[in-house]
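Numbering (my numbering), first residue to last: 21 to 132.
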Ligand code: FES
C-alpha cells in the first residue's frame, strides 16, 4: 500500500514513496488528477533528478501538468508524455496503480 485514497486531493500534493526499480530503491510518487490516481518514478527524463520543487509539489501553476523543478520540463499528468521542455520526446516511467477499499497500491512499472 502506498497511501490512503483520501491522502490524495484532486490536483493537490503528491505522495512520495520508494519502489524497487531494477534491483535498486528508487523514488516514486502518486497524484490525483481528474478523479484518478497517476504515478511515476520520481525521475526526470532529461537528467535523472527528482521532479518536485518542494516535497510533494509536482503540479505546475495551472495544476494541469507535472513539472520538473530543475529545468522546467512539463509532462502530461495522465500519461507522463513530455509536453514541453528538455525532456523532448522521452516520457516519465509510469506506474501501474490500483485503488481499492480506500487505499492506493502500486502493482509495478509499465516499462517492465
Ligand atoms: S532535470 Fe528535469 S528538466 Fe532538466
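Cβ atoms here follow ideal geometry from the backbone N, Cα and C, with glycine treated the same way.
{"Item": "Can you grab the Cα-Cα spacing for the pair residue 136 / residue 120, in whole Å?", "Value": "Look at the range of the chain in this structure, 21 to 132, and you will see that residue 136 is not part of it."}
{"Item": "Mind checking residue 35: buried by the 16 CB within 10 Å criterion, or exposed?", "Value": "buried"}
{"Item": "As a quick exercise: from 29, 66, 21, pick the residue whose alpha carbon is nearest that of residue 37.", "Value": "21"}
{"Item": "Less than 7 Å between the beta carbons of residue 106 and residue 70, yes or no?", "Value": "no"}
{"Item": "Is the beta carbon of residue 93 within less than 6 Å of some heavy atom of ligand 1?", "Value": "yes"}
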